[in-house]
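Protein chains: 2
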Amino acid sequence: MRNGRIVALSGGIGGAKLALGLYRVLPASSLTVIVNTGDDFVHLGLNICPDVDTTLYTLAGLANTELGWGRGAETWTFMHALAELGGETWFRLGDGDLALHVERSRRLALGETLSDITAHVAQRFEIDAEIVPASDAPVRTRIATTEGDLPFQDYFVRLRCEPRVRALHYDGALAARPSPRAVAALSGVNLDAIIICPSNPYLSVDPMLAVAGFRDLIMNAAAPVVAVTPLVGGTALKGPTAKIMQELGMPLTPASVARHYEDLIDGFVVDERDAPLASGFPCPISVTDTVMTSLADRERVAQAVLDFARSLRPSPAVA
Amino acid sequence: MRNGRIVALSGGIGGAKLALGLYRVLPASSLTVIVNTGDDFVHLGLNICPDVDTTLYTLAGLANTELGWGRGAETWTFMHALAELGGETWFRLGDGDLALHVERSRRLALGETLSDITAHVAQRFEIDAEIVPASDAPVRTRIATTEGDLPFQDYFVRLRCEPRVRALHYDGALAARPSPRAVAALSGVNLDAIIICPSNPYLSVDPMLAVAGFRDLIMNAAAPVVAVTPLVGGTALKGPTAKIMQELGMPLTPASVARHYEDLIDGFVVDERDAPLASGFPCPISVTDTVMTSLADRERVAQAVLDFARSLRPSPAVA
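Read top to bottom, the protein sequences are chains F and W.
Residue 802 in our numbering sits at position 29 of the first sequence; the count goes up by one each step and never skips.
Residue 802 in our numbering sits at position 29 of the second sequence; the count goes up by one each step and never skips.
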């Protein structure tokens, strides 16, 4: 069991931190990161997959650590020239980052799958882990707000998460299927653990779980499932998780997140700052410092999560 | 007649030099540059119009004077990142240049015409001249060579014009029509002169003349038509004009080029270095120094061409 495969479900930045920790502490070729595609969109005619790209850049060591998104050693000549032309500049695309969107769009137009394209890029980046989109079919998060229905990037980037969320929809999820590599990883006999990264449950994890058949793959997997809290000290370190939970009327506690995943998880990792709130969980918990500032933090949290997962038994499969 | 409209037919770099000279010596808003689209192609999923872009950049003062193509103050992060991904890098696209291709592709996909998009860009670049694609329908120069049929950019950029040319084809030209602004400019009553820039006759001018109805517009225009030699001292200063003429069995003389345009032109401008070869012309000629190294050269040649054109009477219209 100690040399089995680890599957991580991840969104963008927060999730990718733990994914990087796992990548660094695990033996070569034993990590599969299944990544949210609900944020994907077509912009300027280009297919952009923000969470897949963040994961690729993070594991390749190419991420922009100053900005917290995009590529490092980036230039911005394209955006300046686009502004000069009167083009749409609310979604910022670095010159190097653009290569990934152009190349992916070109390959998608030729009929290649997002899975194959992502695997190709991971190989070019010499990443020794699988990075797998949750689905090859389009799933698009749409956010019902007090200001109307909004496509994800309009809500997230253009309007900076300001509208109040009333409900979330994952367009295309019912018609989509898990990508073949996601199915293979989740149904593999040598699966050691499934880890739900500290990503936004509504914006990053639920779009994957909404894909028809995805939830069953997790429930039937022969491995414990552990989720890591996205809340620290009663709030989210980054992003709109806490704001959305409040708007949806959910208590701002780790237990509330754990109950959101209730039928899926066998264990939940709580931040030590929230230990006083550590009650009302539907499953065993582990308390640790989940804040990942340094690379050593990422490795430490990854190891703690793996140790906890390995101490658990998977819940019996549900037919 | 002195304040009428001037129409220049131009390809890329060589033609744009004269177009810039004309732009600078003419009164505001009196120049229309009709530009070759036979070099246009779709690359990396993007609609690229090299001659239109060269003309836009040149008249906007944004051209890369070191490279002789593309934009000045350019960065190349996109190309480096694309190479990292294993993408196609034989056609070099600068980061700023890319904005024009992405924005044009986006607008074409929305159904806008190449003419309207080009006019929009010219306006954004504050160019006080019309820049007009010869046609809004695709015309694609295809080159029959000893190494087989080649799309233009494969011949020109990838194979550096090395294959021997046997014939030229302008795919789509018979189904295409001149763009509305080209029709308006060439059939306007206040047309003062039509100038065929010192561009490659086969690669830059003929793809425009091949568009159904384009040749008639010039022949019926109420203005003299003057062509400027692309040959200086028995060769072309740049590009494959001389090589292609030889491969097609044409004498390397200015008169040979003039006879190529015979039924269209009312006058031909010969370089002073070729004055000894100045016989056998089908029309009046003017001899001047046509080499345009400096900006002052461009203005001087433009003024000489305008003065010559204004001394000519148009040939009677041919029904």
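For glycine and all other residues, C-beta sits at the position ideal for the given N, C-alpha and C.
- Within the region 976 to 1048 of chain W, the runs of alpha helix (DSSP H) that reach at least 4 residues and sit entirely inside it are, in chain order, 979 to 982, 987 to 992, 1014 to 1020, 1027 to 1033.
- Contact with chain W is absent for residue 888 of chain F, since none of that chain's Cβ atoms lies less than 8 Å from the residue's Cβ.
- In the DSSP assignment, residue 943 of chain F falls within the beta strand (DSSP E) that extends over 938 to 944.
- The region 781 to 797 of chain F makes contact with the region 966 to 985 of chain F, as at least three CB pairs between them are under 8 Å.
- With respect to residue 1046 of chain F, residue 1012 of chain F sits apart: the two C-beta atoms are not nearer than 8 Å.
- One thing to note: residue 1082 of chain F has its Cβ no nearer than 8 Å to the Cβ of residue 854 of chain W.
- Pairing residue 858 of chain F with residue 844 of chain W, the inter-Cα distance amounts to about 14 Å.
- Burial state of residue 869 of chain W is buried, judged by a 10 Å Cβ sphere holding 16 or more other Cβ atoms.
- Residue 849 of chain F places its beta carbon less than 8 Å from that of residue 867 of chain F.
- Between residue 981 of chain W and residue 791 of chain W, the gap from beta carbon to beta carbon reaches 8 Å or more.
- Taking a C-beta cut-off of 9 Å against chain F, the contacting residues of the region 840 to 855 of chain W are 844, 846, 847, 848, 849, 850, 851, 852, 853, 854, 855, listed in chain order.
- Using a CB distance cut-off of 8 Å, residue 834 of chain W does not count as an interface residue toward chain F.
- Following the DSSP letters along the chain, one finds residue 967 of chain F inside the beta strand (DSSP E) bounded by residues 964 to 969.
- Look at residue 966 of chain W: its C-beta is not under 8 Å from any C-beta on chain F.
- Counting the other Cβ atoms within 10 Å of the Cβ of residue 1004 of chain W gives 16 or more, which makes it buried.
- If you draw a straight line from the Cα of residue 945 of chain F to the Cα of residue 906 of chain F, it comes to about 15 Å.
- Two segments are said to touch when three or more pairs of C-beta atoms, one from each, lie closer than 8 Å; by this definition the region 796 to 803 of chain F does not touch the region 888 to 898 of chain F.
- Chain order gives the chain W residues near residue 882 of chain F as 818, where near means a beta carbon separation below 9 Å.
- Between residue 978 of chain W and residue 949 of chain W, the gap from beta carbon to beta carbon reaches 8 Å or more.
- Between residue 1058 of chain F and residue 958 of chain F, the C-beta gap is not smaller than 8 Å, which leaves the two residues out of contact.
- Within the same chain, and ignoring the five residues on either side of residue 925 of chain F in sequence, the residues whose Cβ sits closer than 6 Å to its Cβ are 812, 914.
- Counted as a single uninterrupted DSSP element, the alpha helix (DSSP H) harbouring residue 1077 of chain W occupies residues 1068 to 1084.
- The beta carbon of residue 990 of chain W lies closer than 8 Å to those of 951, 955, 956, 959, 960 in the same chain, with the five residues before and after it left out.
- Nearest CB-CB separation between residue 952 of chain W and chain F: not below the 8 Å threshold.
- Residue range 913 to 918 is occupied by the beta strand (DSSP E) that includes residue 913 of chain F.
- The DSSP assignment places 804 to 808, 814 to 816, 819 to 821 as complete runs of the beta strand (DSSP E) inside the region 787 to 824 of chain F, in order along the chain (cut-off: 3 residues).
- Residue 903 of chain F is bridged by DSSP to F/805.
- Shown here, residue 909 of chain W sits in coil according to DSSP, grouped into three states, outside any helix or strand.
- Counting C-beta atoms within 10 angstroms of its own C-beta, residue 888 of chain W has 16 or more neighbours from the protein chains shown and is therefore classed as buried.
- Counting only runs of at least 4 residues, the region 865 to 903 of chain W fully encloses the following alpha helix (DSSP H) elements, listed from N- to C-terminal order: 868 to 882, 887 to 897.
- Against residue 868 of chain W, the close residues of chain F are 848, 850, 851, 868, in the order they occur along the chain (beta-carbon pairs closer than 7 Å).
- Looking only at W/984, W/938, W/1036, the smallest Cα-Cα distance to residue 1023 of chain W is reached by W/938.
- Using a Cβ distance threshold of 8 Å, residue 1042 of chain W and residue 1008 of chain W do not count as a contacting pair.
- Considering only F/922, F/947, F/908, the residue with the shortest C-alpha distance to residue 953 of chain F is F/908.
- Annotation for residue 781 of chain W: the continuous beta strand (DSSP E) segment containing it runs 778 to 783.
- Against chain F, the beta carbon of residue 873 of chain W has neighbours under 8 Å at 854, 858, listed in chain order.
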